[in-house]
Amino acid sequence: MKALVFERQLARFAASRLASTLVGSGLGVGVGPLELLEIDPFQLPGSGYVRVAPRLAGICGSDLATLDGRSSRYFEHIVSFPFVPGHEVVGDVIGGALDGRRVVVEPVLGCEARGIDPPCPACSNGDKGRCEHIAFGDLEPGLQTGYCADTGGGWSAQLVAHESQLHLMPDHVSDEAAVMIEPTACAVHAAYSSVHTASGRRVVVLGAGTLGLCTTAALRSLVLPGVLVVVAKHPEQRRLARALGADHVVEPDEVVRAARRLTGSLGLGRDGGAIDRLTGGVDVVFDCVGSADSLETSLAITRPGGEIVMVGMPGPVKVDLAPLWHREVTLRGAYAYGSEDTPAGRRSTFEVAQDLVEDAHLEQLVSGRYPLERYEEAIAHAAAAGRRGSVKIVFDMRRQPRDRDRHSDRDKETDET
Amino acid sequence: MSPRPGFVLEVDRSTPPTLFWHGEGFRLERLPSGSRVIYAPEPLPALKDPDAAIRHALESPLGDAAPLRSLLRPGMRLTIAFDDISLPLPPMQAPDIRQRVIEAVLEIAAEVGVDDVVLIAALALHRRMTDDELRHALGERIFNAFAPYGLLTQHDAEDPKNLVDLGQTDQGEDVEINKRAAESDLLVYVNINLVAMDGGHKSVATGLASYKSLRHHHNVRTMLHSRSFMDRHHSELHSSNWRMGTLIKDAGVNVFQIETTLNTDTFPEQFRFLQRREWEWNLRDRAGFLASSKALERTPPEIARRIFHSIRAPHQMTSVQAGEVGPVHDRTLENLYRQQLVPVEGQSDILTMGIPFICPYNVNSIMNPILVACLGLGYFFNLYRGKPLVREGGVVIMSHPTPWAFNPVHHPSYIDFFEQVLSETTDLLEIESKYEAAFATDPWYVHLYRTSYAYHGVHPFYMWYWCAHALSHVGKVIVVGGDRAAVRRLGFTPASTLSDALEMAEDVVGRDPTITHLHAPPLLMADVQ
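Here it is in structure tokens:
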């Protein structure tokens, strides 16, 4: 079967990092450790596992960071090589009781998927994202499908997944909507994690890529902030942010001023009149970028006693934490999903995310589809999505190879839909 | 030879290209045959002995005012307020007219033995003046005699301890002005009447007022009913100020108004071509134009800005009158019209204008996009008496680079207004109702206005309201050669060239439109029949 395989090859890893630094994110794939290969289908690792043929699989910011060689060495012990990337997956089950059913894969490889019994306290509580055993059990290390050598990932013709990872999709949910459930679940989890601090308050979302826009929709729908400001760089992102519930949309270099005006805060700055940071600020910032700059901005605009939620995957960053200390700001991570305490009781994050995708029509964020063979273009497009007026780029495995060949010209014209 | 009056040229095939101001630069544009170009009158001769004229005005006041000397007595509180950095434009060569007048007042006060004298720069909600700017306006002698002792002050419209509420007019308008000025035994106001909007009761009622007071006439409704705000008898802005002025007088504030007018001698020798008619340019003018244009092409914008803002105008005083506010201002307007009025027959479909580098609110600063709009659609559009130069539903074409650039020290709230308010809406009433109060009371803007050199938080709103009459009157506004994003943010249409702009304008006003070009500065006022 065809699969994009990420090998542990230090030389290619270094080349990819260099290329992405020199020519831009997503443009070092050709020299990096990702290759399109013919490989044998994965063995079923144990009972409860089924094969899934992906229909659509998204390209995520964390995938891009991995391909660019920018991801943290923190992950070294919780991934296993070679792996097939792709953790945003909608596909069809092959074989077993669910044969032919369309499913979304919840990629976290927690205790149940690893055959660990009794499960860790987090998994027992339904908080799979906090699983303490992601490097142990029946599987090779891997925090998620798409980072584990035993399971494969969505960027292929086939992967294996534990039945506990599968969410059946009703017919009315399109593939595009279904592939948006995983990133939306991340946003839902981030939003619920701050429901007590952000509800009715002044909230800023930094970044308007997939995660930023999904977080915007989740906050507007689930948390009801008093005022929601979204920082968006590109025109299409700004349009979508407004459509998904932002009260104000500002450009990155406007956010400090916007937060100041919104909160009536005073500013501290230089003689030239620029404001470096606020004396007050907003209550909660959702940092959906995860860079040193975004964290620095977050610290500049969060009020004393406020909260910063890191939704975007950060890498190693150098940031002055004096304001964190001095202003007693809480810095918190929001990773993945599991279960949430909702007004309707405890629910799976994926279920809530599915509702949100349908209500907010988040399938509209899917704006480019590529066959696996054109993975270099796809990844370059994903890395430049905002600039190119796109949001979520996905691999599309719904067509047979001969269909792909026949439609390749049309694909070129319609990729950026 | 006496100076020639203003002139309306009809462009024909032999007419040389017309000079358009374009920020810190110029463009030579060929207007279609049949277009009209309105030129300012040539500079009236200066008063031969301005100091003697000032003394005469103080000794022979107009209206019911007594000579200044008789109003002064030892032990009294005397306050002298004066127009701020917004006047004149460009700043004039030393000695500034304010220096001459205030020195004359202080001389008499000293002779009489008045020793409680305070000077106040009448800022209203403008930025504070720097020491250098104050020195230039008042001269070293006055500055050194007053500033070190805290007697040279700048009106602070946000200082509750130094404001006094004098009550409401019969229209319910609050009148709150500078306490020291209001409680002095005599308030002398020293004005420079550069345009017809200036002076009269507006001097005290606006220049020394607070936001609480100003909001009654600096608003959309007032500006829509000021047609134009350069024509006091058809200006609700002035009616409101006159009501306030009457209340101020009735409250016992004794105002002795001194008003002055300047001639149109606006540019120094090296830029003399800017105030000559193009077909009369001699070799030196052409060389001056070419040298300036070529040099400016290679000059970074910030350097060009510095060069232009270093211009000191050779303006000369053409009149000075003192005494009771109303009669003084009537005489001032006569003198101002004598210099600036140009009779013009009828309106046109399109009005073109070159927007220069300076307006009242960016002296030594950046002409940001909001100020470009204000100078074009506020000031220049309203430089008429009778009817606007452009017909209702017509098109205004302005020429200016309109950079997306702001001076963050002078115009902090402008940045937010442009980035946040105008990105949401350009609708005047919506902006006023939804955003004005928040900007006006924002503690950060208040802090910067009081302690730094920032215009008040509400000031960009006023600049936008200044455009109200024009925006409600014209069908389209086009900016030639401007930053396209900035122009669009203003709600206007960008064009690369004048001919593109004229073509776009035809979509609104039809084929073969009539065109008028306002060739200013030097400033003029069209008397449209």
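Heads up: the sequence lines are chains A and B, in that order.
Per the numbering used here, numbering of the first sequence is gapless, rising by one per residue and ending at 417.
Per the numbering used here, numbering of the second sequence is gapless, rising by one per residue and ending at 1529.
Virtual Cβ for every residue (Gly too), placed ideally from N, Cα, C.
A quick note: this is a predicted structure, and the numbers were derived from the prediction, not measured.
Closer than 6 Å: residue i CB and nearest the ligand FAD heavy atom
i	result
Glu307(A)	No copy of the ligand FAD appears in this structure; indeed no ligand is present at all.
CA-to-CA distance, residue j to residue i, given in whole angstroms
i	j	result
Ala1440(B)	Gln1171(B)	23 Å
Gln158(A)	Trp1404(B)	52 Å
Tyr1211(B)	Gly333(A)	46 Å
Leu1009(B)	Thr1153(B)	47 Å
Ala378(A)	Ala384(A)	10 Å
Val93(A)	Ala178(A)	15 Å
Leu1019(B)	Ser1292(B)	13 Å
Gln1270(B)	Phe1026(B)	14 Å
Ser1184(B)	Ser1228(B)	34 Å
Leu1274(B)	Ala1304(B)	16 Å
Tyr49(A)	Val249(A)	45 Å
Glu1158(B)	Phe1143(B)	24 Å
Val205(A)	Pro252(A)	11 Å
Leu1138(B)	Gly1199(B)	19 Å
Gly96(A)	Arg261(A)	59 Å
Asn1263(B)	His1056(B)	20 Å
Val1395(B)	Val1477(B)	6 Å
Glu1107(B)	Asp1330(B)	27 Å
Met1044(B)	Trp1281(B)	A small fix is needed here, since residue 1044(B) is Leu in this sequence, not Met. Each residue's Cα considered, the two are about 20 Å apart.
Val1232(B)	Met1197(B)	Rather than Val, the amino acid found at residue 1232(B) in this sequence is Arg. Straight-line Cα distance between these residues: approximately 7 Å.
Val311(A)	Ser71(A)	15 Å
Asp171(A)	Leu362(A)	17 Å
Tyr1379(B)	Pro1521(B)	11 Å
Ser1033(B)	Lys1387(B)	24 Å
Leu1028(B)	Pro1017(B)	5 Å
Cut-off 6 Å between Cβ atoms - residues of its own chain near residue i, not counting five sequence neighbours on either side
i	result
Tyr335(A)	Gly129
Pro1360(B)	Ser1086
Val1101(B)	Ile1054, Val1190 and Ile1258
Tyr1414(B)	Asn1368, Ile1370, Phe1406 and Pro1460
Glu1042(B)	Pro1003 and Arg1004
Val1446(B)	Glu1158
Asp247(A)	Val227 and Leu228
Own chain, CB closer than 8 Å to residue i, minus 5 neighbours either side, in chain order
i	result
Val319(A)	Ala292, Leu295, Glu296 and Leu299
Val1105(B)	Leu1058, Leu1068, Ile1080, Val1188, Val1190 and Ile1258
Leu224(A)	Ser199 and Gly200
Neighbour list for residue i in chain B, Cβ cutoff strictly below 8 Å
i	result
Ser298(A)	By Cβ distance, chain B contributes nothing, its closest Cβ being about 20 Å from Ser298(A), past 8 Å.
Contacts of residue i in chain A (Cβ-Cβ under 9 Å)
i	result
Val1409(B)	Asp271, Gly272 and Gly273
Pro1061(B)	Near Pro1061(B) there are no residues of chain A at all, since even the closest Cβ is about 44 Å away, more than 9 Å.
Pro1412(B)	Arg257, Gly267, Gly273 and Ile275
Neighbouring residues, chain A, relative to residue i (Cβ below 8 Å)
i	result
Ile1415(B)	Arg257
Trp1404(B)	Ordered by position in chain A, no residue passes the 8 Å Cβ test against Trp1404(B), which lies about 11 Å from the chain.
Pro1583(B)	Outside the shown range of chain B, which is 1001 to 1529, sits residue 1583(B), and nothing can be said about it.
Proximal chain B residues relative to residue i, where beta-carbon distance stays under 7 Å
i	result
Arg260(A)	Trp1444
Glu254(A)	Glu1419
Contacting residues, own chain, Cβ-Cβ under 7 Å from residue i (five flanking each side not counted)
i	result
Ala382(A)	Gly26, Ile59, Leu64 and Ile393
Val1421(B)	Ile1431 and Tyr1435
Chain B residues whose Cβ lies nearer than 9 Å to that of residue i
i	result
Val250(A)	Glu1419, Gln1420 and Ser1423
Gly264(A)	Ala1438, Thr1441, Asp1442, Pro1443 and Trp1444
Residue ranges of each beta strand (DSSP E) within the segment 1325-1408 of chain B, 3 or longer
Listed in chain order, the complete beta strand (DSSP E) runs (minimum 3 residues) inside the segment 1325-1408 of chain B are 1341-1344, 1348-1356 and 1390-1399.
If you scan the segment 1059-1109 of chain B from start to end, which runs of the alpha helix (DSSP H) of 4 or more residues do you find wholly inside it?
Fully enclosed alpha helix (DSSP H) runs of 4 or longer: 1068-1071.
Listed in chain order, which residues of the segment 1446-1464 of chain B have Cβ atoms closer than 7 Å to some Cβ of chain A?
Residues are counted here when their Cβ sits less than 7 Å from a Cβ of chain A; for the segment 1446-1464 of chain B these are His1447, given in chain order.
In chain order, what residues of the segment 1341-1357 of chain B put their CB closer than 8 Å to some CB of chain A?
Answer set for the segment 1341-1357 of chain B: empty.
If you scan the segment 1267-1315 of chain B from start to end, which runs of the alpha helix (DSSP H) of 4 or more residues do you find wholly inside it?
Whole alpha helix (DSSP H) segments, 4+ residues: 1283-1297 and 1301-1309.
Whole beta strand (DSSP E) runs in the segment 121-183 of chain A with 3 or more residues, listed along the chain?
Runs of the beta strand (DSSP E) lying entirely within the segment 121-183 of chain A and spanning at least 3 residues, in chain order: 159-162 and 166-168.
Can you list, in chain order, the stretches of the beta strand (DSSP E) that have 3 or more residues and sit fully within the segment 1459-1525 of chain B?
Complete beta strand (DSSP E) runs here, min 3: 1476-1480, 1493-1495 and 1515-1519.
Completely contained alpha helix (DSSP H) runs for the segment 272-323 of chain A, where each covers 4 or more residues
Within the segment 272-323 of chain A, the alpha helix (DSSP H) runs of at least 4 residues that lie entirely inside it are, in chain order, 292-301.
Beta strand (DSSP E) runs wholly inside the segment 1174-1258 of chain B, at least 3 long, in chain order
Complete beta strand (DSSP E) runs here, min 3: 1174-1178 and 1186-1190.
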